[in-house]
Amino acid sequence: MPASKVKNILILILVLANILLLSLAIPLRGQRARQQAETAAQLESLFARYGVSLDAFSLPETRSLYTLEFSPGEDAALAAMRALLGEMVFIEEDSTRYLTTYRSEQGVCQLSRGDTLDARLRGRGAVGDLGRAAADELACMGVETAFVSQPQRSSAGVYTVTAVQRLLEVPVFSAAVSFTFHNGVPGRLTGTLYFDTAGLFRTDDAVCISCADALVAFLDSRDELGWVGAAVTGVTQGYLRAETASAAVVRLTPGWRVATDAGAYWVNGMTREVSAFPAG
2 MPASKVKNIL
12 ILILVLANIL
22 LLSLAIPLRG
32 QRARQQAETA
42 AQLESLFARY
52 GVSLDAFSLP
62 ETRSLYTLEF
72 SPGEDAALAA
82 MRALLGEMVF
92 IEEDSTRYLT
102 TYRSEQGVCQ
112 LSRGDTLDAR
122 LRGRGAVGDL
132 GRAAADELAC
142 MGVETAFVSQ
152 PQRSSAGVYT
162 VTAVQRLLEV
172 PVFSAAVSFT
182 FHNGVPGRLT
192 GTLYFDTAGL
202 FRTDDAVCIS
212 CADALVAFLD
222 SRDELGWVGA
232 AVTGVTQGYL
242 RAETASAAVV
252 RLTPGWRVAT
262 DAGAYWVNGM
272 TREVSAFPAG
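Take this note's numbering: the final residue in the sequence shown is number 281, and no numbers are missing along the way.
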């Protein structure tokens, strides 16, 4: 059989296989959409019975998130500091090697082993869009941004914006930094950032609970929480840092941030435990 004819037969087989897969996928997609709609309707009905407003049809899809661990590396931190302070950076370490200080003509930054930083910047020019300037600065440092707050005025000419880091397409709520601007000039950067996640790994195969399960857990815990609100205004899946025996090891636990008209709450995606969302 000529090679061209064999090639045409193979192409035809691939086309037919794709058509078959598509014919199987469309009903499954429709079934999934119906199940999601049914779950949303049941959630709204459940919350309504307790006098709580919830737009369940606008809730986000659940991502398969796992508990993660990694150990921040010094090389990635140095690269980030050079992006922030310039290439000519001088490094000082304390006797415990817990705190490292980076200095240059453009400022000074103290960075702990847990990736908590406090930077004071010099010689910067004024910017117009404070949020964009903060996001661009973090991008240069190798940090993805989940979202940046609107500028908050603290005094005449002094504004602060807060940026939350993104990892694996979701926010890490415990990795957030505040940029302080004086008349549009960036002067200080404080908070926590994770620069090196190359060694990131799952601690086990347990997966984060669904958005629906998180909301039910929240509703079940309202008395213990003392929650007296009347509406859930938003739900976001992401990570929070958990305690570990060593400051050199970062453990991130997945879960759900539930925003309400009476405060925000955290539903642990592994244990279903509900607590007030950490301030700051």
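Every residue gets a Cβ at the ideal spot worked out from N, C-alpha and C, and that includes glycine.
Counted within 10 angstroms of its Cβ, other Cβ atoms place residue i as buried (16 or more) or exposed
{"i": "Q1", "result": "No information on residue 1 is available, as it lies outside the stretch 2 to 281 that the chain covers here."}
{"i": "F91", "result": "exposed"}
{"i": "P61", "result": "exposed"}
{"i": "S175", "result": "buried"}
{"i": "Y99", "result": "exposed"}
{"i": "A177", "result": "buried"}
{"i": "A120", "result": "buried"}
{"i": "R114", "result": "buried"}
{"i": "P172", "result": "buried"}
{"i": "F58", "result": "exposed"}
{"i": "E106", "result": "exposed"}
{"i": "A218", "result": "buried"}
{"i": "G124", "result": "exposed"}
Span separating the alpha-carbon of residue i from that of residue j
{"i": "A232", "j": "A260", "result": "9 Å"}
{"i": "L47", "j": "A215", "result": "13 Å"}
{"i": "F71", "j": "T198", "result": "6 Å"}
{"i": "D224", "j": "D262", "result": "16 Å"}
{"i": "Q151", "j": "L131", "result": "9 Å"}
{"i": "G185", "j": "L85", "result": "17 Å"}
{"i": "A249", "j": "D116", "result": "9 Å"}
{"i": "L112", "j": "E170", "result": "25 Å"}
{"i": "N9", "j": "R64", "result": "Here N9 scores only 49 on pLDDT, less than 50, and its place in the model is too uncertain to base an answer on."}
{"i": "L55", "j": "W228", "result": "15 Å"}
{"i": "E94", "j": "Y160", "result": "32 Å"}
{"i": "V144", "j": "R104", "result": "21 Å"}
{"i": "L194", "j": "R273", "result": "26 Å"}
{"i": "M271", "j": "A127", "result": "45 Å"}
{"i": "A38", "j": "C212", "result": "13 Å"}
{"i": "A80", "j": "S222", "result": "44 Å"}
{"i": "G188", "j": "M82", "result": "15 Å"}
{"i": "A140", "j": "R167", "result": "11 Å"}
{"i": "Y67", "j": "A243", "result": "13 Å"}
{"i": "V109", "j": "G192", "result": "15 Å"}
{"i": "A280", "j": "V165", "result": "13 Å"}
{"i": "A26", "j": "T40", "result": "Caution applies to A26, whose pLDDT of 49 falls short of 50 and renders its modelled position unreliable; the model cannot decide the point."}
{"i": "D76", "j": "T146", "result": "21 Å"}
{"i": "L29", "j": "Q43", "result": "With a pLDDT of only 43 at L29, under the threshold of 50, the placement of this residue in the model should not be trusted, and no figure is reported."}
According to DSSP, residues forming a beta bridge with residue i
{"i": "S179", "result": "T163 and T191"}
{"i": "F71", "result": "V251"}
{"i": "F148", "result": "V165"}
{"i": "T261", "result": "V233 and G264"}
{"i": "T245", "result": "Per DSSP, none; premise fails for T245."}
{"i": "P172", "result": "R167"}
{"i": "L47", "result": "Paired residue(s): none; L47 is not in a bridge."}
{"i": "G108", "result": "S105 and L122"}
{"i": "G185", "result": "Note: G185 sits in no beta bridge, so no partner."}
{"i": "G256", "result": "G239 and N269"}
N- and C-terminal bounds of the alpha helix (DSSP H) containing residue i
{"i": "V217", "result": "C212 to D221"}
{"i": "E75", "result": "E75 to L86"}
{"i": "E1", "result": "Since the first residue of the chain shown is 2 and the last is 281, residue 1 is not available in this structure."}
Opening and closing residue of the beta strand (DSSP E) in which residue i lies
{"i": "Q153", "result": "Q153 to S156"}
{"i": "D206", "result": "F202 to V208"}
{"i": "A57", "result": "A57 -> no beta strand (DSSP E), and no H or E assigned at all."}
{"i": "R273", "result": "It is not in any beta strand (DSSP E) - R273 carries neither H nor E in the DSSP assignment."}
{"i": "E93", "result": "F91 to E94"}
{"i": "D116", "result": "No beta strand (DSSP E) contains D116, which DSSP labels as neither H nor E."}
{"i": "L66", "result": "Segment: none, L66 is in no beta strand (DSSP E) and carries neither H nor E."}
{"i": "R104", "result": "L100 to S105"}
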